[in-house]
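Numbering (our numbering), first residue to last: 2 to 69. Ideal placement from N, C-alpha and C gives every residue a C-beta, glycine not left out. Take a look at the structure below.
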Amino acid sequence: MAIETLKYEEVKGWDAKQIDSKVEEIRTELFNIRMQKVASGIDKPHLLKIGKKNIAKLLTAKSASRGK
């Protein structure tokens, strides 16, 4: 499971259920990466930053769609 960079343009068309499921998936991946970091170190520490940014993009798209 690798965290990929999401584009806001892709995400803003998703419905709330899709966004929520993707946020949960990314949070689970981030948890696993953090545990791996503590236990033995990780090869790609930048994945933590990408994951957090993806969650921010998803939640921004969700709140923007709620405002319409």
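Quick check on DSSP: helix, strand or coil for residue i?
{"i": "E11", "result": "helix"}
{"i": "D21", "result": "helix"}
{"i": "T6", "result": "coil"}
Considering only residues of the same chain and omitting the five flanking positions on each side of residue i, which have a CB-CB separation below 7 Å?
{"i": "Q37", "result": "I43"}
{"i": "K63", "result": "A17 and I20"}
What is the rounded straight-line gap between the Cα of residue i and the Cα of residue j?
{"i": "I51", "j": "R67", "result": "24 Å"}
{"i": "N33", "j": "K54", "result": "17 Å"}
{"i": "V12", "j": "L60", "result": "10 Å"}
Can you give me the Cβ contacts of residue i inside the same chain, cut-off strictly under 6 Å, excluding the 5 residues immediately before and after it?
{"i": "Y9", "result": "K58"}
Report all residues from its chain with a CB closer than 8 Å to the CB of residue i; omit the five preceding and five following residues, and keep chain order.
{"i": "P46", "result": "K38"}
Could you work out which residue in the options is closest to residue i when comparing CA atoms only?
{"i": "K23", "options": "A65, L49, L7 and L48", "result": "L7"}
Looking at residue i and the ligand FMN, is the gap between the Cβ and the nearest heavy atom below 8 Å?
{"i": "V24", "result": "The ligand content of the structure shown is nil, which means the ligand FMN is not present either."}
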